[in-house]
Amino acid sequence: MKKLILLGVSIFMLATGLVQAQEQLLDKVVAIVNNDVITQSQVDELTGKVLRNATDAQQELPPEEELQQQIMDRLILESLQLQLAERLGIKISDSQLENTIDNIIASENTSREVFLDDLTKQGMSYSQFREDIRKEIILGEVSRSQVQRRVNVSEQETDALIKLIEEQDKGTVRYHVGHILLRISGDEQVTQQQAESLVKQLKNGENFNQLAMTHSQGPKALEGGDWGWMTIEEMPTLFAGVVKNQHQGSVLGPIRTDSGLHIIMVMDTEGLQKIETLEVNARHILIKPSIILSDRKAKSLLSEFRQQLILGEVTFEELARQYSEDPGSAVRGGELGWSDPSVFVPAFRDTANRLEIGELSQPFRSTFGWHLMEMLDKRTTDTTNSASKNRAYQIIFNRKFNEETQAWQEELREEAYVEILDGEA
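Below, the structure is given as structure tokens:
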């Protein structure tokens, strides 16, 4: 009997191994990117997402060959960034990930049960969704870590922008901008003719998003070349130089730069008569995990503090002064003063936006550590005719950050070893 059992187990393991081997053979490698590979399943997964998004938006897709090239370019860039993140030791803990997902659910004003049910209807498992969010956070972190140090905003630039904003009329114009980039990789005259043909098609009413998805080699190609709404100050320099005072439907270009030939379209315009900014006055306690204090213990400690505050056994100021590891706010009882939430890191920003006045948060994780936040007050400030130095700095920084991000991604690709394997391999 014992021999029969062992024989049965051996046959089962052999069969399982054969099935797994077949599955591995089905998931073939389609590209080598430095020390990583891209598999057919990754291509299929991203293709599926693009197809679903296009269907939801009732948007036509480009021919299969062009679409697959855009898919491959996106996966190669993601692979390079994820490899760099691993070398830099950038990791997202499960607690930080779950806190981010909680903020996503809260921002949609729904319950966790309804949210999970919606994921199932979309054909996505919760584990797959978690890993997608984890990857997005990591990509954002590695991008910020590498690009921020390349951005320099001078005092003169900030002062000049403040003066410009103060001199502007009350009506502020925003532009909805589309962008197509054609890289020159051969006969420049052929590329020029292609660009002029696209301009002609756009002026004749052809769908911009469709042409961008089919032909563009820019960073927003898979989004149909859509850069969204921006003011002149927030745009990349190339856009700002030609878009100002243009009307809806204007097609600009082709414009020659080192990157290639650019076509820009003003898809819509909007006059803002009044700009209002939400500001919050919050206070927090920061506990940083360490070798001595584990991640779980840091969270548990803040949970104890929260219970003590609810019972009135201690004041927030006392706890912040004694325990908070944010020296700037600890001396003020944890108070941060009036701030635009957008200046905070994502987890802190999302929590600040969600809390009501007087509400005490649950412990939550950011890149700095674990926080306990209390919302003291909120206000809306009219910033139409005035701009603080911080706001002016942020506008310039965002514009340069977008430009440097594209340059950094191009450099990352140029320095990498990338081999696209033959489809028959």
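Residue numbers for the sequence shown follow this note's numbering, beginning at 8 and rising by one. Note that CB positions come from ideal geometry on N, CA and C, so glycine has one too. The structure presented is a predicted model; accordingly, all values stated were derived computationally and were not measured.
Exposure of residue i, with buried meaning 16 or more beta-carbon neighbours within 10 Å
| i | result |
| --- | --- |
| Ile144 | buried |
| Thr358 | buried |
| Asn116 | exposed |
| Pro334 | exposed |
| Gly235 | exposed |
| Lys227 | buried |
| Ala61 | buried |
| Val184 | buried |
| Glu381 | buried |
| Ala64 | exposed |
| Lys306 | buried |
| Leu95 | exposed |
| Val338 | exposed |
| Gly130 | exposed |
| Glu421 | exposed |
| Thr388 | exposed |
| Gly344 | exposed |
| Gly147 | exposed |
| Thr264 | exposed |
| Leu209 | buried |
Expected contact under 8 Å - CB spacing of residue i and residue j to nearest Å
| i | j | result |
| --- | --- | --- |
| Thr221 | Glu73 | 5 Å |
| Glu240 | Ile402 | 5 Å |
| Arg290 | Leu205 | 54 Å between Cβ atoms; not a contact. |
| Lys385 | Ile364 | 6 Å |
| Ser100 | Ile45 | Not a contact, Cβ separation roughly 27 Å. |
| Leu245 | Gln253 | About 14 Å; that fails the 8 Å criterion. |
Residue i versus residue j: straight-line alpha-carbon distance, rounded
| i | j | result |
| --- | --- | --- |
| Gly178 | Ser257 | Only weak support exists for where Gly178 lies, its pLDDT of 41 falling under 50; the value from the coordinates is given anyway. Taking the straight line from one Cα to the other gives about 21 Å. |
| Glu418 | Gln369 | 42 Å |
| Leu379 | Arg137 | 24 Å |
| Val158 | Leu89 | 22 Å |
| Thr374 | Val352 | 8 Å |
| Gln280 | Ser310 | With a pLDDT of 45 at Gln280, under the threshold of 50, the modelled position of this residue cannot be trusted; read the value that follows with caution. Each residue's alpha carbon lies about 45 Å from the other. |
| Gln217 | Lys142 | 28 Å |
| Gln155 | Leu84 | 19 Å |
| Thr54 | Gln75 | 8 Å |
| Asp125 | Asp109 | 15 Å |
| Asp194 | Ile39 | 28 Å |
| Ser132 | Pro69 | 28 Å |
| Gly376 | Arg398 | 26 Å |
| Asp302 | Arg190 | 47 Å |
| Val321 | Ala327 | 11 Å |
| Tyr182 | Pro243 | 12 Å |
| Leu308 | Ile298 | 16 Å |
| Tyr424 | Arg81 | 15 Å |
| Gln153 | Ile97 | 12 Å |
| Leu104 | Asp347 | 24 Å |
| Val197 | Ser118 | 54 Å |
| Ala247 | Leu58 | 32 Å |
| Ile427 | Gln224 | 17 Å |
| Val287 | Glu366 | 13 Å |
| Leu188 | Ile294 | 46 Å |
| Asn41 | Gln77 | 19 Å |
| Asp233 | His186 | 7 Å |
| Glu93 | Ser150 | 13 Å |
| Glu332 | Arg313 | 17 Å |
| Glu410 | Val160 | 13 Å |
| Gly341 | Ile292 | 6 Å |
| Tyr400 | Asp166 | 9 Å |
Span of the beta strand (DSSP E), counted from its first residue to its last, around residue i
| i | result |
| --- | --- |
| Gly235 | 233-238 |
| Val425 | 425-427 |
Bridge partner(s) assigned by DSSP for residue i
| i | result |
| --- | --- |
| Leu367 | Glu381 |
| Glu342 | Arg290 |
| Leu259 | Ile271 |
| Gly185 | Asp233, Met272 |
| Val44 | Ile39 |
| Thr374 | According to DSSP, which records beta bridges pairwise, Thr374 is partnered with nothing at all. |
| Glu277 | Arg181 |
| Leu285 | Thr387 |
| Thr264 | Gly267 |
Span of the alpha helix (DSSP H), counted from its first residue to its last, around residue i
| i | result |
| --- | --- |
| Val250 | 244-250 |
| Val321 | Counting along the chain, Val321 falls outside any alpha helix (DSSP H), and DSSP gives it neither H nor E. |
| Ile402 | 396-421 |
| Ala337 | 334-337 |
| Ala92 | 71-95 |
| Val154 | 133-154 |
| Phe355 | 353-361 |
| Thr107 | 101-114 |
| His222 | 215-222 |
| Gln196 | 195-210 |
| Lys128 | 119-128 |
Cβ-heavy atom distance, residue i to the ligand GTP, below 7 Å
| i | result |
| --- | --- |
| Asp265 | The ligand GTP is not part of this structure, which contains no ligands at all. |
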